[in-house]
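Asks: Right, I'll just put the structure down here and ask away after.
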Amino acid sequence: MRLFREFIKGLWRENPTFRMMLGLCPTLAVSTSVSNGLGMGIAATFVLTGSSLMVSLVRKVIPDKVRIPCFIVIIATFVTITDLFIKAFTPALGRSLGIYIPLIVVNCIVLGRAEAFASKRGPFESMIDAIGMGIGFTLALMLISAIREAAGSGSIAGIYFSKSFEAPLFMVLAPGALLTIGVLIGFMNYIFIKKKER
Amino acid sequence: MNQIARFGMVLGVICLLATLVLALTYQVTKPKIEEQLKKEEQAALKAISPYTDSFREKSIDGINYFEALKGGKLQGYCLRITANGYSGFIRLMAGIDLNGIITGVRVLEQQETPGLGARIDEVRPGENAPWFLRQFRGKDSRNLEVKKSIDAITGATISSRAVTEGITKAVVEFLSNIHKGK
Amino acid sequence: MNGMSAYLTIFISTVFVNNFILSRFLGLCPFIGVSKQIKPALSMGIAVTFVTTMAALITWPIYNFILIPYGLEYLRTIVFILVIASFVQFVEIVIQKKTPSLYKAFGIYLALITTNCAVLGVTVLNTDTFFVSGAAVAGSFIKSVVQGFGAGAGFTLAMILMAGIRERLEFADVPGCFKDIPITFIVASLMSLAFLGFSGFKI
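If you're matching them up, the sequences are chains A, B and C in order. Residue numbering for the first sequence is 167 to 364, as defined by the working numbering. Residue numbering for the second sequence is 93 to 274, as defined by the working numbering. Residue numbering for the third sequence is 9 to 211, as defined by the working numbering.
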């Protein structure tokens, strides 16, 4: 039961994007279409799970003072594995995500969970926490992508609404991303404030 | 001093293991990655040289190009072109016939601004080829000019020009090399 | 495209047209976290600019003379991040020892810069933009350093602008749930929209 709670918290109450505001750089850059958002979410979840597992397994062996560089090397290894696999099996996704794949290394979510959780808990727990956070991240990505894709290119997952819809292009460009996340975080704050008041 | 040595060793071991894992992954994925690049190239070649059935890769002056053949007979050439776009390089493939008339152009890779320069690659819903590139077909490759023979994309003059001038420059140089070689 | 005008174009486009924060979203964490007042924003900006420029300077030879010749481009991510982390650590130690006053001013920011997407971002971007088919283009090294410097400069510009606005925002009547972070994003989106006006700007 406790394990289930560890898993669930990443989805809503401690959602990395909307509540903890981690990993925003790739979130905004990549959320131009639902397929991109999903692809990045899956890649990041893989890196997150793999590195949290690894960090948890070696946590007793790594001296405290060098732990950050060690974590970074472990994370960078998983990122490179992901990068190579994407290039080999889904090159189109690789082209869409571009430099944001190697940037998963400095995604605060990955390093943050390694530092705050995986380095202090057992491997199975760390994996559950990582998967939960990863899925929460993916859901957040897909929500933002859906809004931006629908508003900015008139489609969802590549399926267009109507040929004559003149979409405000800025929604898939930079300003749209910042606007969408600003409004969404404000909205989430509102929900949580209301919950507290009850 | 002993502490630093220990730190260094732990970090060193981790780096070593990481490098081994990555080298292994690289060896495993490398053939697949090269296969993907070949597939993309073949698809582009087929798209830009529609009336041919096979391609032969050759090289002149250190530059690789393709001979486009139908039934073994030379119909034209396909060139890889790298143009200076607005936000970086645009990798193209252009096909010409033996008279230097363009048979097709495809963009392989570009990092232009979405909604503006990136539209050189844009396919309208319901169609199956980029509309901007379609206008190159049938034009004389040595005589391409934005505003004269080529319509630029609104708000993307630089990207449009990059493609146009890139093709002209590459073809002119290629054709002069070929004729010198003959 | 070579010579002075090329370098100027790269600098201007990195600072304004493809601003690292407002257009590429690299360096958002400090942008949201440290932009409440102008003075810390400027300090952070200067520290970041120093690191991005040096990172570009150091990683280029490593990529060109070690990774490419040995076919090890796939190790770029792991090598670059290690180089950046070591460099930042080294700088922190040196500053702490030699000029404690400088450390007091910039020290805390330095530790955060290792995980700043902008630093790793510009080094990876350099290898994507200034290398074609595994070989450096003309003037690649200087172009990379210019882009590194421009990345930091653009970051600093966005930070200062945002800090200036947020100092005034303190006196505005923002609805409760939008206070602090959400309104910052919305302001940033307006800034980003304004910077879009630089599109198509080329010397």
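The C-beta atom is built at its ideal place from N, Cα and C for all residues, glycine as well.
Is C:L83 close to chain A, meaning its C-beta is less than 9 Å from at least one C-beta of that chain?
Replies: Yes, its Cβ sits closer than 9 Å to a Cβ of chain A.
Asks: Leaving out five residues on either side along the sequence, give the residues of the same chain with a beta carbon under 6 Å from the beta carbon of B:I270.
Replies: Closer than 6 Å at the Cβ level, and outside the excluded window around B:I270, lies no residue.
Asks: Considering only the alpha carbon of each residue, which of A:I351, A:K361, A:G320 lies closest to A:V200?
Replies: For A:V200, the nearest C-alpha among the options comes from A:G320.
Asks: Strictly below 9 Å CB to CB, what residues from chain A border C:D181?
Replies: Within 9 Å Cβ-Cβ: nothing; C:D181 doesn't reach chain A, min ~15 Å.
Asks: Helix, strand or coil: which one does DSSP assign to A:F184?
Replies: DSSP places A:F184 in coil when its eight states are reduced to three.
Asks: Checking contacts by CB at 9 Å: is C:A196 closer than that to chain A?
Replies: Closer than 9 Å to some Cβ of chain A, the Cβ of C:A196 qualifies, so yes.
Asks: Is the CB-CB distance between B:G187 and B:L171 below 9 Å?
Replies: Yes, Cβ-Cβ distance for B:G187 and B:L171 is below 9 Å.
Asks: Check the Cβ-Cβ distances between C:T137 and every residue of chain B, and say whether any is below 9 Å.
Replies: Chain B contact via Cβ: present.
Asks: Which class does C:F206 belong to by DSSP, given the choice of helix, strand or coil?
Replies: If DSSP states are grouped into helix, strand and coil, C:F206 belongs with coil.
Asks: Hey, out of B:I96, B:L108, B:S251, whose CA is closest to C:I86's CA?
Replies: Checking every option, the nearest Cα to that of C:I86 belongs to B:L108.
Asks: I want to verify the contact list: residues of chain C whose CB lies under 9 Å from the CB of B:T205, in sequence order.
Replies: The answer, in chain order, is V25, N26, S207, G208.
Asks: Identify the residues that DSSP records as bridge partners of B:N176: which are they?
Replies: B:F181, per the DSSP bridge assignment.
Asks: Roughly how many angstroms separate the alpha carbons of B:Y157 and B:L190, rounded to a whole number?
Replies: B:Y157 and B:L190: Cα-Cα distance of roughly 14 Å.
Asks: By the three-class DSSP mapping on this structure, what secondary structure does B:G162 have?
Replies: Correcting the residue identity first, residue 162 of chain B is Lys in this sequence and not Gly. Strand at B:K162.
Asks: Can you tell me where the alpha helix (DSSP H) holding B:F224 begins and where it ends?
Replies: Unbroken alpha helix (DSSP H) run through B:F224: 223-226.
Asks: If you draw a straight line from the alpha carbon of B:K276 to that of B:D153, how long is it in whole angstroms?
Replies: Because residue 276 of chain B is not part of the residues shown, which for chain B are 93 to 274, the question remains open.
Asks: Throw me the rounded Cβ distance for the B:I193 and B:G258 pair, which I believe falls under 8 Å.
Replies: Not a contact, Cβ separation roughly 17 Å.
Asks: Under the three-state reduction of DSSP, which class applies to C:V99: helix, strand or coil?
Replies: In this structure, C:V99 counts as helix in the three-state DSSP scheme.
Asks: Suppose contacts are defined by Cβ-Cβ distances below 9 Å. Is B:V255 in contact with B:V199 by that definition?
Replies: Yes.
Asks: Which residue or residues does DSSP assign as beta-bridge partners of C:Y78?
Replies: Beta-bridge pairing links C:Y78 to no other residue.
Asks: In whole angstroms, what separates the C-alpha of C:V99 from that of A:C236?
Replies: Roughly 19 Å between the two C-alpha positions.
Asks: Assuming B:S151 is part of the alpha helix (DSSP H), what are its boundary residues?
Replies: B:S151 -> not in any alpha helix (DSSP H); beta strand (DSSP E) instead, spanning 146-152.
Asks: Where are the alpha helix (DSSP H) runs, 4 residues long or more, that stay fully inside the segment 219-291 of chain A, in chain order?
Replies: Counting whole runs of 4 or more residues, the segment 219-291 of chain A contains the alpha helix (DSSP H) stretches 233-255, 257-263, 274-279.
Asks: Just verifying my parser: in three-state terms, what is the DSSP assignment at B:A244?
Replies: Coil.
Asks: Considering only their Cβ atoms, is the gap separating B:G177 from B:G209 smaller than 9 Å?
Replies: Cβ distance < 9 Å, so B:G209 and B:G177 count as in contact.
Asks: Among the candidates C:L118, C:F88, C:I89, C:L90, whose CA atom is the shortest distance from the CA of C:V102?
Replies: Among C:L118, C:F88, C:I89, C:L90, the Cα nearest to that of C:V102 is on C:L118.
Asks: Based on Cα-Cα distance, which residue from A:E315, A:I351, A:A280, A:L188 lies nearest to A:G216?
Replies: Of the listed residues, the one whose Cα sits closest to A:G216 is A:A280.
Asks: Do the segment 187-197 of chain C and the segment 64-71 of chain C touch if we need at least three Cβ pairs shorter than 8 Å?
Replies: These segments do not touch.
Asks: Would you say A:L339 and C:L204 are within 9 Å of each other, going by their C-beta atoms?
Replies: Cβ atoms of A:L339 and C:L204: closer than 9 Å.
Asks: When you compare each of A:W178, A:E172, A:K175, A:P182 to A:L277 by their alpha carbons, which one comes out closest?
Replies: Looking at the Cα atoms, A:P182 is the closest of the given residues.
Asks: Specify the secondary structure class of A:R171 as computed by DSSP and reduced to three states.
Replies: A:R171 falls in the helix class under three-state DSSP.
Asks: Return the chain-ordered list of same chain residues with a C-beta closer than 7 Å to the C-beta of C:T135, the five sequence neighbours on each side being excluded.
Replies: If we look at C:T135 and ignore the five residues flanking it on each side, its Cβ neighbours are Y71, R84.
Asks: On the three-pair Cβ rule with 8 Å, is the segment 298-309 of chain A touching the segment 219-236 of chain A?
Replies: The segment 298-309 of chain A vs the segment 219-236 of chain A: no contact.
Asks: State the DSSP-derived secondary structure class of B:L190, mapped to helix, strand or coil.
Replies: Note: B:L190 maps to coil in three-state DSSP.
Asks: Measure the alpha-carbon distance for C:F138 versus B:N94 and round it to whole angstroms.
Replies: Those two C-alpha atoms are separated by around 43 Å.
Asks: Express the C-alpha separation of A:G189 and C:F179 in angstroms, rounding to a whole number.
Replies: The alpha-carbon atoms of C:F179 and A:G189 are separated by roughly 30 Å.
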